[in-house]
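Those sequence lines, one after another, are chains B and X. The letter at position 201 of the first sequence is residue 206 when you use the numbering used here, and the numbering goes up by one with no holes. The letter at position 149 of the second sequence is residue 154 when you use the numbering used here, and the numbering goes up by one with no holes. Here the structure is laid out as structure tokens; the discussion comes afterwards.
2 protein chains.
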Amino acid sequence: MIRTEETTVTRMAGDERRLQILRVAERLFSQKGFRGTTTKEIAQAAGVSEAMVFRHFATKSELYAAIIDQKACQGNLPEPSCVALEARERKDDYAVFYELTLLALNEHEQNPEFMRLLLHSALENHELSQMFFERFVVTIYESLGSYIAERQRDGVFRQMDPRIVVRAFVGMMIHHSLNNSLWDKERRLLNISNEEAAHSFAEILLRGVTI
Amino acid sequence: MIRTEETTVTRMAGDERRLQILRVAERLFSQKGFRGTTTKEIAQAAGVSEAMVFRHFATKSELYAAIIDQKACQGNLPEPSCVALEARERKDDYAVFYELTLLALNEHEQNPEFMRLLLHSALENHELSQMFFERFVVTIYESLGSYIAERQRDGVFRQMDPRIVVRAFVGMMIHHSLNNSLWDKERRLLNISNEEAAHSFAEILLRGVTI
DNA sequence: GTCTATAAATAGATAGAC
DNA sequence: GTCTATCTATTTATAGAC
Numbered sequence: 006m007i008r009t010e011e012t013t014v015t016r017m018a019g020d021e022r023r024l025q026i027l028r029v030a031e032r033l034f035s036q037k038g039f040r041g042t043t044t045k046e047i048a049q050a051a052g053v054s055e056a057m058v059f060r061h062f063a064t065k066s067e068l069y070a071a072i073i074d075q076k077a078c079q080g081n082l083p084e085p086s087c088v089a090l091e092a093r094e095r096k097d098d099y100a101v102f103y104e105l106t107l108l109a110l111n112e113h114e115q116n117p118e119f120m121r122l123l124l125h126s127a128l129e130n131h132e133l134s135q136m137f138f139e140r141f142v143v144t145i146y147e148s149l150g151s152y153i154a155e156r157q158r159d160g161v162f163r164q165m166d167p168r169i170v171v172r173a174f175v176g177m178m179i180h181h182s183l184n185n186s187l188w189d190k191e192r193r194l195l196n197i198s199n200e201e202a203a204h205s206f207a208e209i210l211l212r213g214v215t216i
Numbered sequence: 006m007i008r009t010e011e012t013t014v015t016r017m018a019g020d021e022r023r024l025q026i027l028r029v030a031e032r033l034f035s036q037k038g039f040r041g042t043t044t045k046e047i048a049q050a051a052g053v054s055e056a057m058v059f060r061h062f063a064t065k066s067e068l069y070a071a072i073i074d075q076k077a078c079q080g081n082l083p084e085p086s087c088v089a090l091e092a093r094e095r096k097d098d099y100a101v102f103y104e105l106t107l108l109a110l111n112e113h114e115q116n117p118e119f120m121r122l123l124l125h126s127a128l129e130n131h132e133l134s135q136m137f138f139e140r141f142v143v144t145i146y147e148s149l150g151s152y153i154a155e156r157q158r159d160g161v162f163r164q165m166d167p168r169i170v171v172r173a174f175v176g177m178m179i180h181h182s183l184n185n186s187l188w189d190k191e192r193r194l195l196n197i198s199n200e201e202a203a204h205s206f207a208e209i210l211l212r213g214v215t216i
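Have a look at this one:
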């Protein structure tokens, strides 16, 4: 076996290859779902043999788990409690909602694979879907909910269950992203920039909950 | 071949059997998706042999198409333009949004299979997903959008793109249903009645768009 | 680390008896 | 109308050479 500089050129290092397979699989799984994607397709798209896929991941399920784990657990997503922190401290309500929405919409637009993957795993009752829910959604509800409660105590927002407000707000932006990436890719129904959407949603919600 | 009363007791009539297979398949497809459900499973769940499934539906795809077609096309869904018609004529804005939301949430709760099926077909890029979009979603945007435009002309609603308002409003209710049936079945995050949700969403939106 | 070849299991679909 | 048996293709996963 020759160990020279060249080996790293012609052959990929183990970790590198592993990551490459992971990325290819993520794209395919997000497009066609877990059961709809074959290991052969993944291997072909990655330019390796099927055996190589199984060398890096013992089973197809393990590969799937590694993807969700990487995306949902390893800090690839911004910590919800840290978003719009400065606006929160200024108690600039509009900025809080606007910045949060814009960040989410941009993220969804740049990385629609992840949303599709999450939907697939939710529909397939994958355990890691629940994990994402615990790890991320619950955090958003706590973080944004506590801000809303604070503004209620300030006498600025109407008295109502803060979690309902979060549900309404998150609904606007998630549904907008979902709609854009699943049903209306050509933006036939509504073609607006993320900035405009963020502005409109923030304004509707803000007027909706302000006294 | 014996044709007596008894034959109808021991053996199902063709159409009846067809409908039964259709219903069983709908449940399984909604649970595990098109590719995740085998014809063998469908046959077993319906209590017939696989050959019987293929007698009624030439291919698995044809079976899937028949389900979506039946659900999305054959008037099993209320015509969006007819919902809350009376409230619309009274120009009772709150009632319009409240009734529309309550109807949708109840429908989603009683029949979560259809929403799951739609999501699956959207993720799998099934042509019938697009058909549903044309047939149903577009209608809602036109119907509700024109009501909003009317109320803007009345000087009651703020000037903004009516379609954005529809997007925000539909988002609240769809996301609420989606959340309840996909991620938070135990209602750990937010456990409210459909009436309460409809009330809150209608109020937030109404205050959000009223001058 | 990577390949080819192949085993083992499962999928959709059909044939033909009753 | 319904069944059993079976065919063919595909899919996951492994063995073993290089």
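Note that CB positions come from ideal geometry on N, CA and C, so glycine has one too.
Strand pairing of residue i, partner residues [DSSP]
| i | result |
| --- | --- |
| T215 of chain X | X:F162 |
Terminal residues of the alpha helix (DSSP H) in which residue i lies
| i | result |
| --- | --- |
| C78 of chain B | 65-78 |
| K37 of chain X | 19-37 |
| L108 of chain B | 98-115 |
| L61 of chain X | In the sequence on display, residue 61 of chain X carries His and not Leu. Here the alpha helix (DSSP H) through H61 of chain X covers 55-61. |
| R95 of chain B | 90-95 |
| L133 of chain B | 132-137 |
| E46 of chain X | 44-51 |
Contacts around residue i, its chain only, beta-carbon distance under 6 Å, and the 5 residues preceding and following it disregarded
| i | result |
| --- | --- |
| I7 of chain X | Bear in mind that the predicted position of I7 of chain X carries a pLDDT of just 36, short of 50, making it unreliable; the figure below should be weighed with that in mind. Result list for I7 of chain X: empty, nothing under 6 Å. |
| P85 of chain X | T144, I145, S148 |
| L1 of chain B | Residue 1 of chain B is absent from the structure shown; chain B starts at 6 and stops at 216. |
| E114 of chain B | none |
| R23 of chain B | H61 |
| M165 of chain B | none |
| G19 of chain X | none |
| S205 of chain X | none |
| T42 of chain B | L33, F34 |
| D98 of chain B | L211 |
Spatial neighbours of residue i in its chain, beta-carbon cut-off 7 Å, leaving aside the 5 residues before and after
| i | result |
| --- | --- |
| G150 of chain B | P167, R168, V171 |
| E21 of chain X | none |
| F39 of chain B | Y69, H125, E129 |
| L105 of chain X | V88, A89 |
| R93 of chain B | V101, Y152 |
| S134 of chain X | L123, S126, A127 |
| N196 of chain X | none |
| V14 of chain X | Residue placement at V14 of chain X cannot be trusted, given a pLDDT of 41 that sits under 50; the coordinates are not used to answer. |
| E200 of chain X | L107 |
9 Å Cβ cutoff met for residue i and residue j
| i | j | result |
| --- | --- | --- |
| A48 of chain X | M177 of chain B | no |
| A100 of chain B | F137 of chain B | no |
| Q25 of chain X | A63 of chain X | no |
| K65 of chain X | D159 of chain X | no |
| V214 of chain X | H180 of chain B | no |
| I216 of chain X | F162 of chain X | yes |
| K45 of chain B | E129 of chain X | no |
| A202 of chain X | L110 of chain X | yes |
| M120 of chain X | S198 of chain X | no |
| L82 of chain B | E118 of chain B | no |
| R156 of chain X | R212 of chain B | no |
Close beta carbons around residue i, own chain, < 8 Å, minus the five adjacent residues each side
| i | result |
| --- | --- |
| S54 of chain X | A48 |
| E191 of chain B | none |
| L27 of chain X | L68, A71, I72, Q75 |
| I209 of chain B | M177 |
| A154 of chain X | P167 |
Any non-hydrogen atom of the ligand HEM closer than 8 Å to residue i Cβ
| i | result |
| --- | --- |
| I209 of chain B | As presented, the structure is devoid of all ligands, the ligand HEM included, so that no description of it is given. |
**Report entry** alpha helix (DSSP H) segments (min. 4 residues) lying fully within the region 145-194 of chain X
**Finding:** 167-183
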